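Quick notes on the structure that follows.
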Amino acid sequence: MEAGTIIHNAIPWKPKRQTRRSVSAHLLNFRCFVRASSNSQGGYRGPKPRRDWVADFVSNNDDTVRSLPIYVGGVSLLAVLLNRTAANIAPVADASSSQSRADLLTLGLAVTNILTGLIWLTIKPKSISAVDPQGVECRIIYSHLHDFVVSELLWVWESLSAVTCCRSLVIVYDSICLLQIGVAAESHNKGEALAVDAAKLMQGSLYQAVMKSGAQNYLANLSLYPGRSELPFFPSNTQAVILQPLGAKGIAIIGGHTIRGFTSSDQAWITFIGDKLDSTLGKYAINRPLAVQDRV
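Here the numbering used here is used: the first residue of the sequence shown is -15, the next is one more, and so on.
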């Protein structure tokens, strides 16, 4: 009973309430402390990116670094000859002499350095830069398409041309060229774009291979592929091409102005765009009037 009485009659805890005046004073002191501490530190003292001086020197003095093994090998070769001359050693190498064996090893290393420098000077990486497509600007849209489909096609073109190295785009679906936009090859009529022959394109090996595999085909360096002759509607200096299947009925052909200009992220994104475009085109029936194309 006494224990229960003691617990029951414990001293109650009454927290001290802070008035608005005291809270505002604490905030004012905290602000002053933050301002003073920031001024005392003298600005940001966090981790800073480390600069690679060796990489910067190599990139800024490429020719000098490439010829450096030649200088090292030449100096080593000259040092060996001067050493043998100063030491009164016979110019003919003697296999029983340790000095001759060391000199032969040094001569081999010096010649190796000289040959390495010559190879470095001969082989240089080819700089990859964007080119200006040689052709004419065109915007050919199939005349009997739903407005939503037209807006979807134009959205695809604007997105690809703004984010990637795409400069030409052709979309063929259900044996009809729905869109040809960007830079195209010039036809025999001056100032006019060479139209896409959908039937001839579908008979080519590039189209057949893509439709058979159902996967994207990336021609990173178009000049190395003989199938480039199947794309005469693209500018002659098109550097890279992506062939993206649109389900089982169509294909999107994307031409770029840079060798290996489409990154892996671009390729994955184009795959998703192809799936979205296939879903959109599959929902709307495509009429087949006599007039096949409408030049806008």
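Just so it is clear, CB atoms sit at the ideal spot from N, CA and C, and this is done for glycine as well. Model, not experiment: these values are computed from the prediction.
Asked, Found
"Run through DSSP, which three-state label would V7 get?", "Low confidence applies here, because V7 scores a pLDDT of 46, under 50, leaving its location unreliable; read the following figure in that light. Helix, per DSSP."
"Skipping 5 residues on each side, what residues in its chain have a beta carbon closer than 8 Å to that of S207?", "Q223"
"Looking at the structure shown, is I237 part of a helix, part of a strand, or coil, going by DSSP?", "strand"
"Tell me, which residues are paired with A224 by DSSP?", "G240"
"What is the DSSP secondary structure of I257, reduced to helix, strand or coil?", "helix"
"By the three-class DSSP mapping on this structure, what secondary structure does A146 have?", "helix"
"How would you write the range of the alpha helix (DSSP H) that I124 sits in, first residue to last?", "Run containing I124: none in the alpha helix (DSSP H); it sits in the beta strand (DSSP E), 120 to 126."
"Taking DSSP as the reference, what is the three-state secondary structure of I112?", "coil"
"Per DSSP, E170 forms a beta bridge with which residues?", "A177"
"Alpha carbon to alpha carbon, how far is N201 from K110? Give it in angstroms, no decimals.", "24 Å"
"Helix, strand or coil for P210, going by three-state DSSP, please let me know.", "helix"
"Mapping DSSP to helix, strand and coil, what is L265?", "helix"
"Should H172 go down as buried or exposed, given a rule of 16 or more other Cβ atoms within 10 Å for buried?", "exposed"
"Output the boundary residues of the alpha helix (DSSP H) element that contains L105.", "82 to 106"
"Quick one: give me the first and last residue of the alpha helix (DSSP H) that L282 is part of.", "No information on residue 282 is available, as it lies outside the stretch -15 to 280 that the chain covers here."
"Return the CA-CA distance between A179 and H130, expressed in angstroms with no decimal places.", "22 Å"
"Which whole-angstrom value describes the C-beta separation of L62 and G101, a residue pair presumed to lie in contact below a C-beta threshold of 8 Å?", "Wrong, their Cβ atoms sit about 15 Å apart, outside the cutoff."
"Pairs of beta-carbons, one from the region 120 to 128 and one from the region 156 to 164, closer than 8 Å: are there three or more?", "yes"
"Mind pulling the alpha helix (DSSP H) runs of 4 or more residues that sit fully within the region 184 to 209?", "189 to 197"
"Considering only the beta carbon of each residue, do T211 and S197 sit closer than 7 Å?", "Reading off the sequence, residue 211 comes out as Gly, not Thr. Result no, Cβ atoms of G211 and S197 do not sit closer than 7 Å."
"Going by the DSSP bridge assignment, what does L129 pair with across the sheet?", "The partner list for L129 (beta bridge, DSSP) is empty, contrary to what the question assumes."
"Quick one, are the C-beta atoms of D262 and G231 less than 7 Å apart?", "yes"
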